[in-house]
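Step one of this worksheet: look at the structure below.
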Amino acid sequence: MFLVGWACYHVLRQNSRKQRLAKLPPGPYPFPIVGNILQLGLNPPQSLAKLSKIYGPIMYLKLGSISTIVVSSPEMAKEVLQKHDHVLSGRRTLAAAQVYDFGNKSMAFLPVDTRWRHLRKMSKEQMFSLHTLESSQEIRQNSIQKLYDYIHKCSIDHQIVDIGEVAFITAHHLISATICSIDLPLFNSNSIQELRESIQGMTKVVSTPNLVDYFPVLKGIDPQGIMKESKSYFGKVYSILQDMINERLKLRGLKNDILESLLDYSQSNPSELPSDDVKHFLLDLFAGGLHTVSSTVEWAITELIRNPEKMLKARNELWDVVGGNEQAKESDISRLPYLQSVVKETFRYHPVGPFLIPHKAEADVEINGYVVPKNAQILVNIWAIGRDSSIWLNPDSFEPERFLNCKTDIKGQDFELIPFGSGRRMCPAC
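Heads up, my numbering is the position in the sequence shown plus 315, with the first residue counted as 1.
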């Protein structure tokens, strides 16, 4: 009798497993051990976009030991990021982000819990509130004026301007002045260059496909050297941030800025923001802002140079609205629809990252008739969405005009353009 019962249980369990597997989204057959990793090729977003043409906008792949769901359409992105975000907002901490405990302290990788909600609320109140934005408007205007003066001088002296470098330095000055009231030297600074290289290095190692993430047994070997690089880059940035904090601790109460507020809060609420976590919070603010701004500006200028007729349209609009000898102000932006369209088209054509930071399923959930299994990694291929010919006319051309007289924005409600995500994991600046 026992054997009969055990056999029935085993058969039912096997049938249940087969039914569950049958409900997984379609996808290419995985090879033993490596799964579908080899099919990612040298350009994963493009490779996955091609596979989605075969298997559809929601696919299942096995990347090493990790079950992975890839979504490549606005409709499926909405299902993941909005309709089911209460189940699909988990995170898998990448191995490269585990150094210095960053993966357990950063808003980007924390689970959606009380601590995450508290840090997110603090970032919105301290950095992105209307009061902060209004009070720091003069800082932004001064930084832009310094940028203009520098480029003008380079023009007179016939010097080459590195757009990526000056965009990074200007963004760094803005963030440093707003957060720490530090008026840094804008250009030709070795310390700024070192920070830029470290931030770019951090971004690179965290976004580079790492075999350790898919084969955890390789962690001690570090076959690609990513962990070693990660420790070096994170260490340099944390050292710079800790120096900022240490200098402020010697001069408490003399400045009224975000860092002062963070230290006050940490002192009053050590359980919610331990003193050692202040530098992790600062890194979230610095790294997110610096890379996003500098990358977007660099690509926008690059495309305008490649397309001189687009450059002329943007220049003529600025001339008509602002004038030839005046500096554009933030209040002018609403009257510059073509410039706004250039920014949106840059986000579509050159997203800051080809994928949103991977989500993780906290439980089984059904999407479009398919099962997304618990603990699966979910990749939203925003590069594929931005190059989909069924959504965009001439998707492989840089055409800001597509956004003129168009209500599409980047605030997470129009899923054909979500450079900053959507739902509870959306960038707090939006």
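For every residue, glycine included, the Cβ atom is placed at its ideal position computed from N, Cα and C.
Keep in mind that this is a model prediction, so the values were computed, not measured.
{"query": "Terminal residues of the alpha helix (DSSP H) in which GLU660 lies", "result": "652–664"}
{"query": "Extent of the continuous alpha helix (DSSP H) run through SER576", "result": "573–583"}
{"query": "Every unbroken beta strand (DSSP E) within the segment 396–459, with a cutoff of 3 residues, ordered by chain", "result": "none"}
{"query": "Three-way DSSP call (helix, strand, coil) for GLY350 in this model", "result": "strand"}
{"query": "Nearest-angstrom Cβ-Cβ length linking MET517 and ALA602, presumed shorter than 8 angstroms", "result": "6 angstroms"}
{"query": "Contacting residues, own chain, Cβ-Cβ under 8 angstroms from MET316 (five flanking each side not counted)", "result": "Confidence at MET316 is low in this model, with a pLDDT of 42, below 50, so the placement of that residue should be treated as unreliable; the coordinate-derived value is given next. So the list is empty, once near-sequence residues are dropped."}
{"query": "Distance between beta carbons of PHE417 and PHE596, contact taken as under 8 angstroms", "result": "The Cβ separation is near 11 angstroms, so there is no contact."}
{"query": "Closest residue to LYS398 among GLN642, CYS495, ILE682, LEU462 (Cα-Cα distance)", "result": "ILE682"}
{"query": "Helix, strand or coil at TYR463 according to DSSP, with G and I counted as helix", "result": "helix"}
{"query": "Boundaries (first-last residue) of the beta strand (DSSP E) holding LEU694", "result": "692–695"}
{"query": "Inter-stretch contact (C-beta, 8 angstroms, three-pair minimum) for the segment 674–681 and the segment 398–407", "result": "yes"}
{"query": "TYR370 (DSSP reduced to helix, strand or coil)", "result": "helix"}
{"query": "C-alpha gap between LEU327 and GLU394, whole angstroms", "result": "Caution applies to LEU327, whose pLDDT of 39 falls short of 50 and renders its modelled position unreliable; the value that the coordinates give is listed next. Those two C-alpha atoms are separated by around 31 angstroms."}
{"query": "Boundaries of the alpha helix (DSSP H) in which VAL608 is found, first to last residue", "result": "593–621"}
{"query": "Closest residue to LEU694 among LEU353, SER705, VAL385 (Cα-Cα distance)", "result": "VAL385"}
{"query": "Same chain, Cβ closer than 6 angstroms to TYR664, neighbours up to 5 away in sequence not counted", "result": "PHE713"}
{"query": "As assigned by DSSP and simplified to three states, the class of LEU556", "result": "helix"}
{"query": "Whole-angstrom C-beta distance between TYR685 and LEU339, which should lie under 8 angstroms", "result": "6 angstroms"}
{"query": "Contact check, ALA691 vs LEU654, beta carbons under 8 angstroms", "result": "no"}
{"query": "Cutoff 8 angstroms; reference LYS594; Cβ partners in own chain excluding five residues on either side", "result": "TYR553, LEU556, GLN557, ILE560"}
{"query": "Separation of PRO715 from LYS659, as counted between CA atoms", "result": "7 angstroms"}
{"query": "Distance cut-off 7 angstroms: ASN351 Cβ against heavy atoms of the ligand GTP", "result": "With respect to small molecules bound, the structure shown includes none, and the ligand GTP cannot be examined in it."}
{"query": "Beta-ladder partner(s) of HIS674, from DSSP", "result": "ILE693"}
{"query": "Outcome for GLU740 when other beta-carbon atoms lying within 10 angstroms are tallied against a minimum of 16", "result": "Per the sequence shown, residue 740 should be read as Arg rather than Glu. Buried: at least 16 other Cβ atoms inside 10 Å."}
{"query": "Where LYS267 falls: helix, strand or coil (DSSP)", "result": "With the chain running from 316 to 745 in the structure shown, residue 267 is simply not present."}
{"query": "Among PRO538, TYR465, GLU562, LEU533, nearest to CYS495 - alpha-carbon criterion", "result": "GLU562"}
{"query": "Burial state of PHE483, where buried means 16 or more other Cβ atoms lie within 10 Å", "result": "buried"}
{"query": "Option in HIS446, THR611, PRO743, ASN622 with minimal Cα separation from GLU480", "result": "THR611"}
{"query": "Under the three-state DSSP convention, the category SER513 falls into", "result": "helix"}
{"query": "Per-residue burial, ARG511 [other beta carbons within 10 Å of its own, 16 or more giving buried]", "result": "buried"}
{"query": "Supposed close pair GLY738, ASP400 - CB separation, criterion 8 angstroms", "result": "4 angstroms"}
{"query": "Residue range of the alpha helix (DSSP H) that includes THR493", "result": "478–495"}
{"query": "Which of helix, strand or coil DSSP assigns to TYR375", "result": "strand"}
{"query": "Proximity below 8 angstroms, CB of ALA411 to CB of VAL520", "result": "yes"}
{"query": "Alpha-carbon spacing of GLU618 relative to ILE478, whole angstroms", "result": "12 angstroms"}
{"query": "Minimum Cβ-Cβ distance from PHE670 to chain C less than 8 angstroms", "result": "Absent from the structure is chain C; it holds one protein chain and no more."}
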